[in-house]
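Numbering (this note's numbering), first residue to last: 2 to 176.
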């Protein structure tokens, strides 16, 4: 299962997302979609799982949940827009993670690209794809792409869409 992970679009969808996510089976959006039309574009392209963020209006909030817990290829996933990051989670998030016990925790909000294990929480993998939109303080717009197969998360790639507020040729870095 190939996953394209995006967050904090804030109403802007770079056309290159369709190229980078062309071979993905699903797109996961970690909140702050910003415009229901953007979500509809993604849904017409690929199946989408996602959560709403703090800037999302009632249309998006009636379409996407606050948080999402699911299992895919034997990996328990939990997604929430405002989650903090290891070891400093947002209020109430650490207790929720202890309850849900995901192997993969996905959030957005910070606009900071970060992927790291949390050794205190069962070696859970934390992923924040950074921000793909132009709104915010981030310097580079980013996405993540990865695979989940037989309980393993692998072939993780960071995709840079260019500088915030400027267009630049995309790059991809595999890990």
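C-beta atoms are modelled at their ideal positions from N, C-alpha and C, and glycine is treated no differently.
The structure presented is a predicted model; accordingly, all values stated were derived computationally and were not measured.
Asked                                                                                                                                                                : Found
Report the three-state DSSP secondary structure of residue 63 (helix, strand or coil).                                                                               : coil
What number of angstroms, rounded off, separates the C-alpha of residue 165 from the C-alpha of residue 57?                                                          : 20 Å
Mapping the DSSP letters down to three states, classify residue 147 as helix, strand or coil.                                                                        : strand
According to DSSP, what are the bridge partners of residue 68?                                                                                                       : 81
Looking only at its own chain, which residues have a Cβ that is under 6 Å from the Cβ of residue 78, when we skip the five neighbours before and after it?           : 71, 103 and 105
Over the uninterrupted beta strand (DSSP E) stretch that includes residue 56, give me the two end residues.                                                          : Residue 56 -> no beta strand (DSSP E), and no H or E assigned at all.
Are three or more beta carbon pairs between the stretch 136 to 153 and the stretch 62 to 76 nearer than 8 Å?                                                         : yes
Contact defined as beta carbons within less than 8 Å: I believe residue 52 pairs with residue 11. What is the distance between those atoms, to the nearest angstrom? : Not quite, the Cβ-Cβ distance comes to about 15 Å (not below 8 Å), so this is no contact.
If we call anything under 8 Å between Cβ atoms a contact, is residue 23 one with residue 4?                                                                          : no
Helix, strand or coil for residue 98 per DSSP?                                                                                                                       : helix
State yes or no: is the C-beta of residue 143 within less than 8 Å of the C-beta of residue 154?                                                                     : no
Given a cut-off of 8 Å on the beta-carbon distance, is the pair residue 109 and residue 45 in contact?                                                               : no
Check residue 113 in the structure and name its three-state DSSP category.                                                                                           : coil
Quick one: what's residue 49 bridged to in DSSP?                                                                                                                     : 28
Does DSSP put residue 158 in a helix, a strand or coil?                                                                                                              : strand
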